[in-house]
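J.: Residue numbers for the sequence shown follow my numbering, beginning at 462 and rising by one.
Built from N, CA and C at the ideal position, the CB exists for glycine as well.
Quick caveat: nothing in here was measured; it's all calculated off a predicted structure.
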Amino acid sequence: MINLMPPTAKEQLRYAKYNRSALRYLQLVVVVVVIIAAIFATAIMYLDRQVVSVTTDLTSKQQTIAGFSNDKLTAANAAARVNAIKTIEGGQTRFSQLLYDLAAVLPKGISLTGIALTGDSSKPVVVSINGSTYNEILAFHDAIVTSPRISGADLQSITSTSTGYQANVVLGFNPGEAK
462 MINLMPPTAK
472 EQLRYAKYNR
482 SALRYLQLVV
492 VVVVIIAAIF
502 ATAIMYLDRQ
512 VVSVTTDLTS
522 KQQTIAGFSN
532 DKLTAANAAA
542 RVNAIKTIEG
552 GQTRFSQLLY
562 DLAAVLPKGI
572 SLTGIALTGD
582 SSKPVVVSIN
592 GSTYNEILAF
602 HDAIVTSPRI
612 SGADLQSITS
622 TSTGYQANVV
632 LGFNPGEAK
């Protein structure tokens with residue numbers, strides 16, 4: 462086909478085609494911008510709702526945590542009391558350990574009749590023993606002093622009875638061994 466149109470008309474047709482292409486691209490860009498704007502608007506609304514939800518949850522959690530502060534204080538007081546009890550209990554004389562020491566050094570012929578606490582921190586225990594002779598009582602005194610836990614043993618009293626001798630021995634412990 463031979464185009465017999467004047468050159469100005471041909472040029473106008475060519476620019477008209479460019480205009481149509483440019484218009485289509487412009488329409489496409491506008492549509493893409495509108496879609497992206499809609500996506501951003503939706504995202505912003507969603508995030509606003511999330512912020513409100515998270516803020517509400519945070520406030521709720523903070524109130525719950527504030528409610529636990531009394532429990533935390535109570536637990537701290539209980540822990541302090543337990544530690545105090547452990548400290549006191551750790552410093553107390555345990556007769557079971559003392560009995561092992563006594564059994565290890567108790568001479569033949571001596572019978573243990575009593576163990577009592579004196580309330581004195583340097584010599585906290587009084588041991589009452591019976592023996593058939595005076596020398597057995599002295600042998601117990603000499604033997605108990607050899608115990609690694611005992612720092613000293615004092616004969617408080619020796620009494621002669623119809624069946625032998627009765628004695629009270631006051632025991633002192635080495636530092637940290639009165640357990």
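(1) Where Q627 and L616 are concerned, what is the direct C-alpha to C-alpha distance, given to the nearest angstrom?
(2) Rounded to the nearest angstrom, what separates V515 and K478 at their Cα positions?
(3) G575: which of N480, D509, I598, V630 sits nearest, CA to CA?
(4) Please confirm whether P585 and L578 have their CB atoms less than 7 Å apart.
(5) Is it buried or exposed, L563, if we count other Cβ atoms within 10 angstroms and call 16 or more buried?
(6) Would V588 be called buried (16 or more neighbouring beta carbons within 10 Å of its own) or exposed?
(7) Under a CB-based cut-off of 7 Å, is V494 close to chain B?
(8) Kindly give me the distance between the Cβ atoms of L632 and I619, rounded to whole angstroms, as I take these residues to be in contact under 8 Å.
(9) Tell me where the beta strand (DSSP E) around D615 begins and ends.
(10) With DSSP as the reference, please indicate the residues paired to Q511 in a beta bridge.
(11) Using only CA atoms, which one of S583, I571, T607, D581 lies nearest to Y595?
(12) Pick from L599, T624, S623: whose alpha carbon is nearest that of A614?
(13) Please classify L567: does DSSP put it in a helix, a strand, or coil?
(14) Determine the extent of the beta strand (DSSP E) in which N635 is found, giving its start and end residues.
(15) How long is the line joining the alpha carbons of L445 and F529, rounded to whole angstroms?
T.: By the coordinates alone:
(1) 11 Å
(2) 55 Å
(3) V630
(4) yes
(5) buried
(6) buried
(7) The chain labelled as chain B is not found in the depicted structure, where only one protein chain is given.
(8) Not a contact, Cβ separation roughly 16 Å.
(9) 611 to 622
(10) Beta-bridge pairing links Q511 to no other residue.
(11) I571
(12) L599
(13) coil
(14) Taken as a continuous stretch (DSSP letters only), N635 belongs to no beta strand (DSSP E), as it is neither H nor E.
(15) With the chain covering only 462 through 640, there is no way to say anything about residue 445.
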